[in-house]
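A.B. asks:
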Amino acid sequence: MTPSNDAPAHEAGDPARYAGLDLLASAVLLTGAGGEVRYANAAAENLMELSLKSLQRHRLPELFTNGVELASLIGQALAHQYADLRQDLTLQRSGREPLHVNSIVSALGDGTLLIELRENVQQLKLDREERILDQSQA
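Numbering (this note's numbering), first residue to last: 75 to 212.
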């Protein structure tokens, strides 16, 4: 006889529940009200350069040296001030290149937040052009 697990599937880490999210090209993370990562699709693992297990050990804002802005978006979404919040962010990571992303934060109603991050390709192009210009002037 196996022990009963009464925890909801999303808290029990049931990967089949979110299998469709792995098909998306954009990074999608599900967090709790405190920002703790419950799920990250494959694109999120790739963007963040961390595995799901590593991400689940942290609150999402703690992964960035400037995570206060992301924490603020999470708080606003939880307060249901907006249906969803869209904002361009530059997320600084210790020892890594910053992430320039378009973010969409939505509260799902049960204390769960859906956070979608898409790389801001335009910002990446501008940064690359600045580096090329700096190199050509040197």
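Glycine is no exception: its CB is placed at the ideal position from the N, C-alpha and C atoms.
Enumerated in chain order, which unbroken segments of the beta strand (DSSP E) with a length of 3 residues or greater are wholly contained in the region 148-206?
C.D. replies: List check, beta strand (DSSP E) in window: 159-165, 173-181 and 187-193.
A.B. asks: In whole angstroms, give me the CA-to-CA distance for D208 and K199.
C.D. replies: Counting from 1 along the sequence shown, the entry for residue 208 is found at position 134. Counting from 1 along the sequence shown, the entry for residue 199 is found at position 125. D208 and K199: Cα-Cα distance of roughly 14 Å.
A.B. asks: Helix, strand or coil for G112? Go by DSSP, reduced to three states.
C.D. replies: As a working note, residue 112 is residue 38 in the sequence shown. For the sequence presented, residue 112 should be read as Arg rather than Gly. If DSSP states are grouped into helix, strand and coil, R112 belongs with the strands.
A.B. asks: Considering only DSSP beta bridges, list what R133 is partnered with.
C.D. replies: Stepping through the sequence shown from its first residue, residue 133 is reached at position 59. BP columns for R133 point to E110.
A.B. asks: At what residues does the beta strand (DSSP E) containing A101 begin and finish?
C.D. replies: To locate residue 101, count along the sequence shown from 1; it is residue 27. Run containing A101: A101 to T105, per the beta strand (DSSP E) assignment.
A.B. asks: Across the region 105-116 and the region 141-159, are there enough close Cβ pairs to call them in contact, namely three or more that are closer than 8 Å?
C.D. replies: Result yes; three or more Cβ-Cβ pairs closer than 8 Å.
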